[in-house]
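Numbering (the working numbering), first residue to last: 4 to 246.
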């Protein structure tokens, strides 16, 4: 799925396309999905035709919107900007061929594994269990979570971490290791959990929560990632031109 079960590539520059009636820019792309910048929101769970015009032909694929939320509020232009994550309904060969062409022409940059664990903010109250403690779930990624809890817990503590998705999926239970724990005025304490070797289960959970608009990607973190990738892309392009 587009939450990153396949390698993803940052596009230099973004590709122009349409998603239904909306003009969009594709900022990163994988065999399973993409992230879009656009001027109007798309409803999570809605399906659209994504059409990309290239020099080698037209890519026309059905996609499903995983999440969509406001990005910036540019005062000068008076128009809002949004970002959306989409998933291809199938596994289109044409997208793989497009990625290969973009890589060979230095118009795509692989997003490194170290940047793969996007963070998703929980936007409805969600409770769970860590060990014997009832906790609040604040954000999730495929490799960790941030929780609120009433007591300090020692760094390095390993306990089962469980939270409920829905009746169909049931509870998700994984082992979590406390990476940090700090006191907060609002909630008592917050802790960061490290979750290892459970990417597929966490990805499935985040996918279902995204489709119900119960978690949203942390766009501040994502924007910092894109800014770093843009800087890397400038250096990458300059090195390619000099070689």
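Just so you know, even glycine gets a beta-carbon here, dropped at the ideal spot from N, CA and C.
Continuous alpha helix (DSSP H) stretch holding residue 98: start and end: The count along the chain shown starts at 1 and reaches residue 98 at position 95. Its alpha helix (DSSP H) spans residues 96 to 107.
Do residue 196 and residue 148 count as a contact pair if the criterion is CB distance below 8 Å? Locating residue 148 in the chain shown gives position 145, where the first residue counts as 1. Locating residue 196 in the chain shown gives position 193, where the first residue counts as 1. Contact flag set, yes.
At a Cβ threshold of 8 Å, is residue 163 touching chain D? The structure shown contains no chain D, having only a single protein chain.
Counting beta carbon pairs with one atom in the region 52 to 70 and one in the region 84 to 100, are three or more of them shorter than 8 Å? yes
By the 10 Å Cβ neighbour count, where 16 or more other Cβ atoms means buried, how is residue 26 classified, buried or exposed? Along the chain shown, one-based indexing puts residue 26 at 23. By the 10 Å Cβ count, residue 26 comes out exposed.
Extent of the continuous alpha helix (DSSP H) run through residue 316: Here the chain covers residues 4 to 246 and nothing more, so residue 316 does not appear.
Residue 76 in three-state terms, based on DSSP: To locate residue 76, count along the chain shown from 1; it is residue 73. Interpretation of residue 76 is limited by its pLDDT of 49, a score under 50 that renders its predicted location unreliable; the figure taken from the coordinates is listed afterwards. Three-state result, residue 76: coil.
As a quick exercise: from 74, 35 and 22, pick the residue whose alpha carbon is nearest that of residue 50. Walking along the chain shown from the start, residue 50 turns up at place 47. Looking at the Cα atoms, 22 is the closest of the given residues.
CA-CA distance, residue 132 and residue 122? Position 129 of the chain shown, counted from the first residue, corresponds to residue 132. Position 119 of the chain shown, counted from the first residue, corresponds to residue 122. Distance between the alpha carbons of residue 132 and residue 122: 20 Å.
Do the region 91 to 99 and the region 27 to 41 make contact, defined as three or more Cβ pairs closer than 8 Å? yes
Would you kindly work out how many angstroms separate the C-alpha atoms of residue 24 and residue 54, rounded to a whole number? The residue you call residue 24 lines up with position 21 of the chain shown. The residue you call residue 54 lines up with position 51 of the chain shown. C-alpha separation (whole angstroms): 10 Å.
Among the candidates 173, 14, 151 and 179, whose CA atom is the shortest distance from the CA of residue 107? What you label residue 107 is simply residue 104 of the chain shown in a count that begins at 1. Of the listed residues, the one whose Cα sits closest to residue 107 is 14.
Check each candidate in 212, 185 and 154 and name the one with the smallest Cα separation from residue 169. Reading the chain shown from its first residue, position 166 is the one you call residue 169. For residue 169, the nearest C-alpha among the options comes from 212.
Restricting to Cα atoms, I'd like to know which of 162, 158, 172 and 47 is closest to residue 219. Translated into positions along the chain shown, residue 219 becomes position 216. Considering only alpha carbons, the answer is 47.
Report all residues from its chain with a CB closer than 7 Å to the CB of residue 175; omit the five preceding and five following residues, and keep chain order. Within the chain shown, residue 175 is the residue found at index 172, counting from 1. Hits under 7 Å: 165, 166, 168, 204 and 208.
I'd like to know whether the C-beta atoms of residue 151 and residue 217 end up nearer to each other than 8 Å. For the purposes of this step, residue 151 is identified with residue 148 of the chain shown, where counting begins at 1. For the purposes of this step, residue 217 is identified with residue 214 of the chain shown, where counting begins at 1. Contact flag unset, no.
Mapping the DSSP letters down to three states, classify residue 41 as helix, strand or coil. Residue numbering aside, residue 41 sits at position 38 when the chain shown is read from its first letter. Strand at residue 41.
Proximal residues to residue 65 (C-beta, below 8 Å), its chain only, five neighbours per side dropped: The residue given as residue 65 occupies position 62 in the chain shown. Same-chain partners within the cutoff: 50, 51, 52, 53, 91, 92 and 93.
Cβ separation of residue 59 and residue 104, assumed to be a contact under 8 Å, to the nearest whole Å: Taking the first residue of the chain shown as position 1, residue 59 is located at position 56. Taking the first residue of the chain shown as position 1, residue 104 is located at position 101. Right, the Cβ-Cβ distance comes to about 7 Å (below 8 Å), so this counts as a contact.
Span of the beta strand (DSSP E) holding residue 163? Mapped onto the chain shown, residue 163 falls at position 160. Looking at the DSSP string, the run of the beta strand (DSSP E) that includes residue 163 is 161 to 167.
Below 6 Å CB to CB, which residues in the same chain sit around residue 191 once its five sequence neighbours on both sides are set aside? Reading the chain shown from its first residue, position 188 is the one you call residue 191. Same-chain partners within the cutoff: 153.
To the nearest angstrom, how far is it from the Cα of residue 28 to the Cα of residue 134? Your numbering for residue 28 matches position 25 in the chain shown. Your numbering for residue 134 matches position 131 in the chain shown. Approximately 44 Å between the Cα atoms of the pair.
Rounded to whole angstroms, what is the Cα-Cα separation between residue 177 and residue 45? As a working mapping, residue 177 is identified with position 174 in the chain shown. As a working mapping, residue 45 is identified with position 42 in the chain shown. Their Cα atoms are separated by approximately 32 Å.
Presumed contact (8 Å Cβ cut-off) between residue 31 and residue 156, rounded CB distance: Reading the chain shown from its first residue, position 28 is the one you call residue 31. Reading the chain shown from its first residue, position 153 is the one you call residue 156. The Cβ separation is near 36 Å, so there is no contact.
Going along the chain, which residues of its own chain have a beta-carbon closer than 6 Å to the beta-carbon of residue 182, five neighbours each way excluded? Numbered from 1 along the chain shown, position 179 holds the residue referred to as residue 182. Taken in chain order, the residues that qualify are 195 and 197.
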